[in-house]
Structure formats: structure tokens, C-alpha cells
Amino acid sequence: MKQYGMVIDLEKCIGCHACAVACKAEWDVPADQGRNWLKRLGPSNTPHGLASTYYPGLCNHCDQPACVEVCPADPVTRIFKDSVSGTQKSMEVAATWKDPFDGTVQIDKDRCLGCGACAEACPYQARYVNPDLGEDGKADKCTFCVERLAAGLEPACVQTCLAEARIFGDLNDPKSAVAKYVKNGAIKMESAAVKIGPNVRYFGNKRDIHLLQESSTPQVMPEASLRRVLLARISRPLINKTKKMSIFDLA
Numbered sequence: 545m546k547q548y549g550m551v552i553d554l555e556k557c558i559g560c561h562a563c564a565v566a567c568k569a570e571w572d573v574p575a576d577q578g579r580n581w582l583k584r585l586g587p588s589n590t591p592h593g594l595a596s597t598y599y600p601g602l603c604n605h606c607d608q609p610a611c612v613e614v615c616p617a618d619p620v621t622r623i624f625k626d627s628v629s630g631t632q633k634s635m636e637v638a639a640t641w642k643d644p645f646d647g648t649v650q651i652d653k654d655r656c657l658g659c660g661a662c663a664e665a666c667p668y669q670a671r672y673v674n675p676d677l678g679e680d681g682k683a684d685k686c687t688f689c690v691e692r693l694a695a696g697l698e699p700a701c702v703q704t705c706l707a708e709a710r711i712f713g714d715l716n717d718p719k720s721a722v723a724k725y726v727k728n729g730a731i732k733m734e735s736a737a738v739k740i741g742p743n744v745r746y747f748g749n750k751r752d753i754h755l756l757q758e759s760s761t762p763q764v765m766p767e768a769s770l771r772r773v774l775l776a777r778i779s780r781p782l783i784n785k786t787k788k789m790s791i792f793d794l795a
């Protein structure tokens, strides 16, 4: 099975924001939100010397995504298919899930309740609720541009990166460029409290990697999402009932 992932080479990144702009244009992301982002870090002193770098962030498509388990939408049976072998697998999923064949984490916008529980559960703050999608808004995030992948294209941010600092591919393929970066030391953004297997890695010199890890690695797993989950579960029957009622029933 594949595990799609991305490596960001901090030694190549020039902080031009082309990745974030391309993503907004490709997926009609609101101006004040982002499926990915770029933050300036430093200059700051580190044990390895003065560091100044960037934090290009996006959904990590984690091995154990916290967003999936908190989704309160009623589960349905979904059939997944491997695009290469044709193998199929049936799974019960809520409105967000981890694909069993490519490892990406996806959202069913039609079934999303817009409660925001998944956004609160993500320790990387990689999700947001887009108010422009539906009456109550819908959760949105980086999808690794699976629609583009299916068409034989790269993710929009990868294609647009002027410095070729974003490398995308199958982490489980030892011959892939991303796997070779991992072998050469590309790191996960994990801490003692947050170990959910992010599949976005970062590569760079010791001082910049130290600054990135010290300033931007999440140190706690969010807990506030429980409140949203409970509220969504309580209100869901009323929401479903209202959607089924006709305009004459409401008169």
C-alpha cells in the first residue's frame, strides 16, 4: 500500500508564498484561511548557531489522525479501490477518514456537519471550517490534491514551488525521492505528547531544523474538541429532522 507524503527542504525554500497562493487559487480557499501556510521563523539563536528559516505547513495526513476519530457524523459503509491493483476494501467511515490505499486523509463535504470538532482536534491546526460551503460551513484542509493526482498531475503547491523545495511521493517506495529524503534525515514534527505519525517531513541544516522544532512542534493534544463532538451529536437528530421537513411543515 502507498503512503503519500511530502518533504519540504528548508534549504531550498525562499519564502515566496507561491505554494499558499497556488492552493487558494486551485481550491477557492477564503482569503483569511488556508489549506497550507508559510510562516517566517527567526532570526534566532540555537545551539547550532543563528537560524532564520520558514515553516511551510499543511495537513500531515497522519498515521493516526486525531481528526478522524472525533467526527460525529453517522458512519456509512464506503468502498475504497486501489487505482493500481484494482483491489477493493469496504470500511465504515464518518465524514472524514484515512484512505486505506494511499494513506491520505479526506473529507466528505456532503456529510460534514460543519461542527468544527475535527479542526479543534488537529494538533497542527491544519483544518478550518469554510463558511462559504453550505449553510453551516464545511471542514476543509489540504487533500494532497488527490483529484490532480488521479489526472497524473502533482499537487498544486508542488508544481508551483519556484525553488522545488516541496517533494511529493510514496513514502513506502524506497526508490521515491521522499523516501530518500527520509533516509537522509528528514524529520517529523512530533513531541512527547503528540505522536500521531505525520507524513509531512522537513529537511535542512541543524540550526534551522532546531528552530522549526522548538518554535512550531505541537506540545499537547487538543481536548476542546470533546465539547463540539457532544454538541454535534446532540443537535444532529434535530438537524436531520429539519432537513427532511418540507416548507409546508415549517409554516
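For what it's worth, the numbering used here labels the leading residue of the sequence shown as 545, then goes sequentially.
No residue lacks a Cβ here, since even glycine has one placed at the ideal position from N, Cα and C.
Predicted model only: the values in this text are computed from it and were never measured.
Proximity below 8 Å, CB of Y746 to CB of A736: no
query: From A723 to R584, what distance separates their C-alpha atoms?
result: 27 Å
- prompt: Is R655 near M635, with beta carbons less than 8 Å apart?
  reply: no
query: Cβ of V744 within 8 Å of Cβ of I552?
result: yes
- request: From the DSSP output, in three-state form, read off Q759 for me.
  value: In the sequence under discussion, the amino acid at residue 759 is Ser, which differs from the Gln named in the question. Three-state result, S759: helix.
- prompt: Exposed or buried, which one is T631 when buried takes at least 16 other CB atoms within 10 Å?
  reply: exposed
query: Nearest-angstrom Cα distance between P574 and L602?
result: 16 Å
- request: Put V565 into one of helix, strand or coil per three-state DSSP.
  value: helix
message: For L582, tell me which candidate among D652, L756 and M765 has the shortest Cα-Cα distance.
response: L756
field: Cβ neighbours of G549 in the same chain (closer than 6 Å, five flanking residues each side left out)
entry: L715, V722 and N743
- request: Out of V738, P644, A639 and Q608, point me to the one whose CA is closest to F624's CA.
  value: P644
- request: Report the rounded CA-to-CA distance for V702 versus V620, giving the unit in angstroms.
  value: 33 Å
query: Based on Cα-Cα distance, which residue from P591, G559, H592 and C606 lies nearest to E734?
result: C606
- prompt: Does the distance from the CB of E664 to the CB of P766 come in under 8 Å?
  reply: yes
- request: Please classify L554: is it buried, with 16 or more other beta-carbons within 10 angstroms of its beta-carbon, or exposed?
  value: buried
task: Identify the continuous alpha helix (DSSP H) that holds E636 and give its terminal residues.
output: Run containing E636: none in the alpha helix (DSSP H); it sits in the beta strand (DSSP E), Q632 to V637.
field: Whole-angstrom distance between A707 and I558, CA atom to CA atom
entry: 7 Å
- request: List the endpoints of the continuous beta strand (DSSP E) containing A610.
  value: Not the beta strand (DSSP E): A610 falls in the alpha helix (DSSP H), residues A610 to V614.
Between the CA atoms of P699 and L693 - distance to the nearest angstrom: 7 Å
query: Taking Cβ positions, are C611 and C666 nearer each other than 8 Å?
result: yes
query: Is there a Cβ from chain B that is less than 8 Å from the Cβ of Y598?
result: The question asks about chain B, but that chain is absent: this structure has only one protein chain.
Among C560, T597, A569 and Q608, nearest to G741 - alpha-carbon criterion: Q608
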